[in-house]
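In the numbering used here, the protein residues as written are 932 to 1236. Beta carbons: idealized from backbone N, C-alpha and C, even for Gly. This report concerns only the one structure given below.
Listed below in structure tokens is the structure:
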């Protein structure tokens, strides 16, 4: 819970604050919908889905966000261009929430970004994500769409440890730095994702968050939930452990001051938000009373007690 000596940047995106000192602002939780094999999908290629169920899930995340005081973002997955445009239209019509277009390929993401620009929603968007392999045509599309916020994914098979994440951000003779890519894309609100791989890597991921905030003062976070897919024996311990582990895995990066967490399926929002909110209260109160930081009091500390 130690504070950082480096001044910490705070970016405001569609009314949500990302970044700051440990405990200064509420952590932001990002839940995913329309991801691969999501049960609400009926025809992933054409973008046909159970609209009633999708709206229920979005409303549930929005309600638990309001109840706990933790800001939320909706991550929109898709496997096809036609589908992601339909998903974006659906989400943007039923909520004012910030959202992330999150397709796996340029063939999906470029049409999504272009559509977002055409319907005038660039200010509500966090692109997910720019990584070391992101091509120029994607960067140009982001720039032309005037999308100013993006998750910067520090993932590369040869750059695993925290100090190597710095190379990914700054670049070397082999790799263009992500911060340079952000600049070329017109992104001035980069959110650094330290790229979780498996259960053991969650600690590395947390250390990388700490290092990045110490070095740059930039908002940083992680998708620690990704690690759970590699725990092949989790089912041996029963349903209760499966539920608890969805929460517990996120508390490690939160403890070092993560500014955002990608929590995985939006279906889990009701179980994850309250516990992360409880931790947020601890960090917020400690920052105010021990570190004498002027903290944001609109979050969980004023909501859950």
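Bounds of the beta strand (DSSP E) holding residue 1003 are 1003-1008. With contacts defined by Cβ atoms closer than 7 Å, residue 934 and residue 1119 do not form a contacting pair.
In the assembly as shown, residue 1216 is an exposed residue. Its beta-carbon has fewer than 16 other beta-carbons within 10 Å. Around the Cβ of residue 936, a 10 Å sphere holds fewer than 16 other Cβ atoms; the residue is exposed. Here residue 955 is buried: its Cβ has 16 or more other Cβ atoms, across all protein chains shown, within 10 Å. Restricting attention to alpha helix (DSSP H) runs no shorter than 4 residues, the region 961-1046 encloses them at 982-999, 1012-1025, ordered along the chain. Scanning the region 1043-1087 from its first residue to its last, the whole alpha helix (DSSP H) runs of 4-plus residues come out as 1067-1075. In this structure residue 1187 is not in contact with residue 1203, their Cβ atoms being roughly 18 Å apart against a cut-off of 8 Å. The straight-line gap separating the alpha-carbon atoms of residue 1021 and residue 1104 is approximately 43 Å.
Its chain contains 1021 as the residues whose beta carbon lies nearer than 8 Å to that of residue 982, once the 5 sequence neighbours on both sides are disregarded; these appear in chain order. Separation of residue 1136 and residue 1211 (C-alpha to C-alpha, rounded to the nearest whole angstrom) is 19 Å. With a cutoff of 7 Å on beta-carbon distance, residue 1008 and residue 974 are scored as not near each other. Runs of beta strand (DSSP E) with 3 or more residues, each lying fully within the region 1134-1194, are found at 1151-1153, listed in chain order. Comparing alpha carbon positions, the residue from 1201, 1219, 1196, 1230 closest to residue 968 is 1196. Taking 8 Å as the upper bound for CB-CB distance, residue 1158 and residue 1180 are in contact here, some 6 Å apart. The criterion of a C-beta distance shorter than 7 Å is satisfied by residue 1029 and residue 1055. In the displayed model, residue 936 falls within coil according to three-state DSSP, outside both helix and strand.
Residue pairing by DSSP places residue 1236 in no beta bridge whatsoever.
In the DSSP assignment, residue 941 falls outside any alpha helix (DSSP H) and within the unbroken beta strand (DSSP E) covering 941-944. Leaving aside the five residues that flank residue 1078 on each side, the residues in its chain whose CB is nearer than 6 Å to its CB run, in chain order, 1053, 1056, 1058. In this chain, the beta strand (DSSP E) harbouring residue 947 covers 947-950. If you compare the alpha carbons of 1143, 1089, 1006 with that of residue 963, the shortest gap goes to 1006. The beta-carbon separation of residue 976 and residue 1014, rounded to 7 Å, stays under the 8 Å limit for a contact.
Counting C-beta pairs with one atom in each stretch, the region 1040-1049 and the region 1058-1072 have three or more that are closer than 8 Å, which means they touch. Annotation for residue 1120: the continuous beta strand (DSSP E) segment containing it runs 1120-1124. Here residue 1146 has no same chain residue with a Cβ atom under 6 Å from its own Cβ, once five neighbours each way along the sequence are excluded. Looking from the CA of residue 1234, the closest CA among 989, 1000, 943 belongs to 1000.
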